[in-house]
Amino acid sequence: MGGGQSRVKPPAPEFDTSRPVPSASRLNRRFSRKFSYISDQYQSLEQVTESLSNAGLESSNLILGIDFTKSNEWTGKQCYNGRSLHAIGEHYNPYESAISIIGRTLSQFDEDNLIPCFGFGDVSTHDHFVFSFYEDQRPCHGFEEALHRYRQLVPCLRLAGPTSFAPIIDAAVGIVEESGGQYHVLVIVADGQVTRSVETGPGKLSAQEKATIDAIVAASDHPLSIILVGVGDGPWDMMREFDDNIPARAFDNFQFVNFTDIMSRGLPMEQREAKFALSALMEIPQQFKATQELKLLGRRMGRTQHNPPLPPPQAVLHADSQLRSGYAQPGGYTQSGSFAYNPGVSRAVPPYASVDTYPPKNTSPPDYMNLPPHQYPPRASAYTYPPQQSRVPEVPKEQNEEQTRCQVCYSNKRDMAFGCGHQTCQECGRTLQDCPFCRKKIATRIRLFI
91 MGGGQSRVKP
101 PAPEFDTSRP
111 VPSASRLNRR
121 FSRKFSYISD
131 QYQSLEQVTE
141 SLSNAGLESS
151 NLILGIDFTK
161 SNEWTGKQCY
171 NGRSLHAIGE
181 HYNPYESAIS
191 IIGRTLSQFD
201 EDNLIPCFGF
211 GDVSTHDHFV
221 FSFYEDQRPC
231 HGFEEALHRY
241 RQLVPCLRLA
251 GPTSFAPIID
261 AAVGIVEESG
271 GQYHVLVIVA
281 DGQVTRSVET
291 GPGKLSAQEK
301 ATIDAIVAAS
311 DHPLSIILVG
321 VGDGPWDMMR
331 EFDDNIPARA
341 FDNFQFVNFT
351 DIMSRGLPME
361 QREAKFALSA
371 LMEIPQQFKA
381 TQELKLLGRR
391 MGRTQHNPPL
401 PPPQAVLHAD
411 SQLRSGYAQP
421 GGYTQSGSFA
431 YNPGVSRAVP
441 PYASVDTYPP
451 KNTSPPDYMN
461 LPPHQYPPRA
471 SAYTYPPQQS
481 RVPEVPKEQN
491 EEQTRCQVCY
501 SNKRDMAFGC
511 GHQTCQECGR
521 TLQDCPFCRK
531 KIATRIRLFI
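In my numbering, the protein residues as written are 91 to 540.
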């Protein structure tokens, strides 16, 4: 995500151990023994939800972060038949599927059902900021509205990079602080790992990796659990390192789950959904108990956000203005303050499969056991990947400085072309074996004079 050269596994980074490990780590081991075991023999989301409740989860507040880096355009080559992972069509894309499953599982634990939603990695945020789904930064009312608003946003966004999870984690910590220390779960849905530049030496961390690790460590002083959901082809080796080896935290607050791997297994759809939900959420009861034992709940730490969330990009605001002027009104707030969605009147945003009909009725999953690895079920199943006539976000044609920048390092101008026609900068291009965009072997390199 944000860097195609990461297909070659980098040397394991040297994690900063200068901060002393708190005595709470001993408590963490005790929590692990007491709360970590949750059976994975479930057939439905309802059974997973009941198990989470029985395991000790009392309440939670959901925060959602969506990755809009440019690598989403090519990391669906294997698992999504080469389509953009943000392609909008008549069926859920991988992002929508993951959000729906997590939302349905956690909704009964969310008392107000308000979900702050943010995007990151587009041309307006890069690796420094996040943008709120709405100009007034209001949360979405339930995951249904989050999915609907996502469909409004996608056609208006320009994907960019590089990738860092630090800004979204920092925004989530700010929300926890504003709530007076209520327990929250941050779900980040992303197509790959944190950007690692070719300039990063062996055993060292890139600027984005260091910022992400520092943010995860700092977040452990707050009642916040972080779940990273990986969609697309990956790679995911560094995210597993993050999950297992980040030191010096008050409690283990980070969990990585590979959505693509779980949802491509040869199981009935309901079982795959249950396994994904369980993999994503099974550490939540343990982490919730840790925040109680460490007395993190109900406390303000006095920490301020480094970079407050931005409003949505200008193209989104322009589209919102058109909706308000009467061009179309796909949804909005009633006078009572509740969200009302009318899927029949919007030309710009096609309706998504509603919760009441998800998975679509009258569909029986076929036998998936003979499918190649990482291939989603054929069109007969509820997860129809990729949807026909899907709409990929359009990139404006005007050539400006942003569009001539290398989409691997996001710092140099593109001055090298490959035989397949794709371009990077020379510094990145001479180290690559496969094209980061189409994954073809690089046989020809041509220097461009710009």
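Note that CB positions come from ideal geometry on N, CA and C, so glycine has one too. Keep in mind the model is a prediction, meaning the values are calculated, not measured.
Per DSSP, the continuous alpha helix (DSSP H) segment holding Phe233 begins and ends at 232 to 243. In this structure, Pro229 lies away from Val266, with their beta-carbon atoms at least 9 Å apart. The way I'd put it, the stretch 269 to 281 does touch the stretch 304 to 321; three or more beta-carbon pairs between them come closer than 8 Å. Sequence-distant partners of Gln497 (beyond 5 residues in either direction) whose C-beta falls short of 6 Å from its own C-beta, in its chain, are Lys160. In this structure, the beta-carbon distance from Val244 to Gly155 does not fall below 9 Å. Non-local beta-carbon contacts of Cys525 in its own chain, meaning distances under 7 Å to residues more than five positions away in sequence, involve Phe508, Cys510, His512, Ile532 in chain order. Annotated as distal: Pro399 and Phe255, with beta-carbon spacing of 9 Å or more. At a Cβ-Cβ threshold of 9 Å, Phe349 and Pro206 do not count as neighbours. A check of alpha carbon separations from Gln283 across Leu386, Asp323, Tyr240, Ile336 identifies Asp323 as the nearest. Annotation for Gly146: Phe125, Pro375, Phe378, Lys379 place their beta carbon closer than 7 Å to its own, counting only its chain and skipping 5 residues before and after. Gly293 sits exposed, since fewer than 16 C-beta atoms from the chains shown fall within 10 Å of its C-beta. In this structure Thr514 is buried. Its beta-carbon is surrounded by 16 or more other beta-carbon atoms within 10 angstroms. A distance below 9 Å separates the beta carbons of Gln345 and Leu318. Distance between Met506 and His218, taken at the CA atoms: about 27 Å. Residue burial annotation: Lys365 is buried, with at least 16 other C-beta atoms found within 10 angstroms of its C-beta. Residue pairing for Cys207: DSSP places it in a beta bridge opposite Leu154.
The beta strand (DSSP E) runs lying completely inside the stretch 325 to 410 and spanning 3 residues or more are 344 to 348, given in chain order. In this structure Ile189 is buried. Its beta-carbon is surrounded by 16 or more other beta-carbon atoms within 10 angstroms. For Ser315, there is no enclosing alpha helix (DSSP H); the residue is found in the beta strand (DSSP E) stretching over 314 to 320. DSSP places Val275 in no alpha helix (DSSP H) but in the uninterrupted beta strand (DSSP E) bounded by 274 to 280. Put simply, the backbone Cα of Gly193 is about 6 Å away from that of Phe233.
Sequence-distant Cβ neighbours of Glu373 in its own chain, meaning closer than 6 Å and more than five residues away, are Gln345. Assignment of beta-bridge partners to Gln513 by DSSP yields Ala507. Looking at the DSSP output, Ile536 sits in a beta bridge with Ala507. Burial check for His408: the Cβ neighbour count within 10 Å stays below 16, so the residue is exposed.
Distance from the Cα of Arg390 is smallest, within the candidate group Gly519, Gln523, Val263, for Val263. Taking the C-beta atoms as reference points, Ala338 is found no nearer than 9 Å to Leu386. In the three-state scheme derived from DSSP, where H, G and I count as helix and E and B as strand, Phe223 is classed as coil.
Sixteen is the threshold: when 16 or more other Cβ atoms of the shown chains lie within 10 Å of the Cβ of Pro402, as they do, the residue is buried.
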